[in-house]
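To start, the structure under review is shown below, and the notes come after it.
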Amino acid sequence: MAERIDRLTSAEKQLLQTAAVVGPEVPVRLLKAVADLPEDDLDGHLRQLQAGEFLYETRLLPEPVYAFKHALTHEVAYANLLQSQRRQLHIRIVEALERTGESDRQTDVAEVLAHHALNGELWEKVCHYFTRAGTHATARSAYREAVTSYEQALQGMAHLPNDQLWREQAVDLRLLLHAALLRAGDPVRSMAILSEAQAIAEALDDAYRLGWIASYLSTHHFIAGDTEGALAYGQRAQALADVCEDEALQVDVRLHLGQAYHARGDYAAAMAVLAPNIDFVYQVLSRNPAELPTIPGLHALPWMILCLAETGDFAQGERYIEEALGIAAIGERPYEQVVVYGSTGWLRCRRGDAAAATPWLERAMVCCQAAGIVQMLPIVASFLGAAYLQSGRRSEAIALLEDAVERAMAMRVMVYHALSIVCLGQAYRLDGRLSDAKVQAERAIDLSQTQKDSGNEAWAYHLLGET
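With numbering that gives the first Met the number 0 applied, the sequence shown covers 0 to 466.
Quick look at the structure:
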């Protein structure tokens, strides 16, 4: 292949190598901007490369696009360039894409720009475009992809001056990475990244960023089943949010405090702190929510629904369900759909209407699996197992609940874990395995007392009484 490329004319070889730097697919408009050849000459050389079966045309409209005939052709053409030549061409591609304005108009161009910026060693742009790529991936709930992009952005930061702006960006980027890791089901690494961000923010004495970190720490303690820790960090975050007078931070803090109160079984306190967030959601909806990567405050609705499921106010819960399902249908936001579908199913399950609960919980499971939202899998699986149990599908329920309990332990997702154990115990009881049910009841009592989760402690004692 190298010999075939060497037999090309100098201009044809140079054009082929330039195309190799553009990528496996080569938009002609971008190639023209980078190749620095008269249009007639470029078209003629492309025809020759096509005739020689180096390239072929894959699309004519809306603009011509070529691709390499074989992956080997692309690899050899790229490898035959000097490192300095490659770097300069990658830089020119970044400049060309920015010049055309595509970097601002299209979300998928961020990944392309990030790749070329990295190979061009444009470190500021590496940080910028990989961060954008990560944000786009997060909006699609593609959390593993987001993690990779944010990690690349952090690598780019290592080449930049360590000044005040750098340290602020270092915190912000780590907060994005920590959130992606958490939703991807890696709480241990997520916590390590958050600790790095906290150390930098404390050195900066940055109340705003420390407020966000405290809010996220509340979430970590909530997921770990440490209700008191979740409340303590939530209250600290609330104090910092009030000092900063930052609305977005206040919305985030109220959600995490609401979750912590719910985990403690204090449903009235949870609903009181979540209520302002629901008002905020309606304000957001008065704008154009379809254009937002996420809808701020939306998660207050499913958590309000979960509270109402426990207090038995099913009528009010159904009113919130109608609103939440309407919002979840706006755009493609799998994570939001999971929490809305899950809370919808659980309220109906608590109401004893398994037929109405099951379809929504099955949809939530499909969303979790399709989008890789592994953090939510144990919780959704527990809800669905309970619905199956109500429907008389005992063997399916037991298999699902046993897997949910084991998965939660492996992932260290302890929120709702006592409830999952109670549901498993109920399944064993209905299957005639009373001794196994009693073991699960006692296990759930111990866990709920440790977590100070009075709501699920009550359900655990109820199960123990039935055994």
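By construction, the Cβ of each residue, glycine as well, lies at the ideal position given by its N, Cα and C atoms. Computed from a prediction, not measured in an experiment: that's the story for all the values here.
Item, Value
"Could you please give me the residues that DSSP links to Pro-26 through a beta bridge?", "Val-64"
"Taking the CB atoms as reference points, tell me whether Phe-221 and Val-414 lie closer together than 9 angstroms.", "yes"
"Near Ala-213, which residues of its chain fall below 7 angstroms by C-beta distance, leaving aside the five closest residues on each side in sequence?", "Tyr-232, Arg-235, Ala-236, Leu-239"
"Quick test of your reading: Ala-443 and Ile-420, contact by CB under 8 angstroms. State the CB separation rounded to the nearest angstrom.", "4 angstroms"
"Taking the CB atoms as reference points, tell me whether Ala-426 and Gly-384 lie closer together than 9 angstroms.", "yes"
"For Asn-161, is the classification buried or exposed, using 16 other Cβ atoms within 10 angstroms of its Cβ as the cut-off for buried?", "exposed"
"So Glu-164 is in the alpha helix (DSSP H); what residue range does that whole segment cover?", "The displayed chain sequence assigns Leu, not Glu, to residue 164. Segment 163-182, the alpha helix (DSSP H) holding Leu-164."
"State the Cα-Cα distance for the pair Ala-327 and Ser-434, rounded to the nearest angstrom.", "42 angstroms"
"Within the same chain, show all residues whose beta-carbon is closer than 6 angstroms to that of Leu-176, passing over the 5 residues directly before and after it, in chain order.", "Tyr-149, Ile-192"
"Taking the straight line between their C-alpha atoms, what separation do you get for Met-270 and Ala-70?", "58 angstroms"
"Do the CB positions of Leu-360 and Tyr-334 come within less than 9 angstroms of each other?", "no"
"Identify the continuous alpha helix (DSSP H) that holds Arg-235 and give its terminal residues.", "226-243"
"Which residues in the same chain as Arg-478 place their Cβ atom closer than 8 angstroms to its Cβ, once the five residues preceding and following it in sequence are excluded?", "The displayed coordinates of the chain run from 0 to 466. Any statement about residue 478 would go beyond what the structure contains."
"With DSSP run on the structure shown, which of helix, strand or coil describes Thr-357?", "helix"
"Assuming Thr-57 is part of the beta strand (DSSP E), what are its boundary residues?", "54-58"
"Please state whether DSSP places Val-111 in a helix, a strand or coil.", "helix"
"Nearest CA to the CA of Pro-301: which residue from Thr-357, His-261, Gln-163, Thr-17?", "His-261"
"With DSSP run on the structure shown, which of helix, strand or coil describes Gly-330?", "coil"
"Taking the continuous alpha helix (DSSP H) assigned at Leu-400, which residues delimit it?", "393-410"
"Mind the definition here: the segment 64-78 touches the segment 34-53 only if three or more C-beta pairs lie below 8 angstroms; say whether that holds.", "yes"
"Would you say Leu-45 and Leu-88 are within 9 angstroms of each other, going by their C-beta atoms?", "no"
"Which whole-angstrom value is the C-beta distance of Leu-29 and Ala-78, which I expect to be below 8 angstroms?", "No, Leu-29 and Ala-78 are not in contact; Cβ-Cβ is about 21 angstroms, not under 8 angstroms."
"Could you name the residues of the same chain whose beta carbon sits closer than 6 angstroms to that of Thr-218, not counting the 5 residues immediately before and after it, in chain order?", "His-255"
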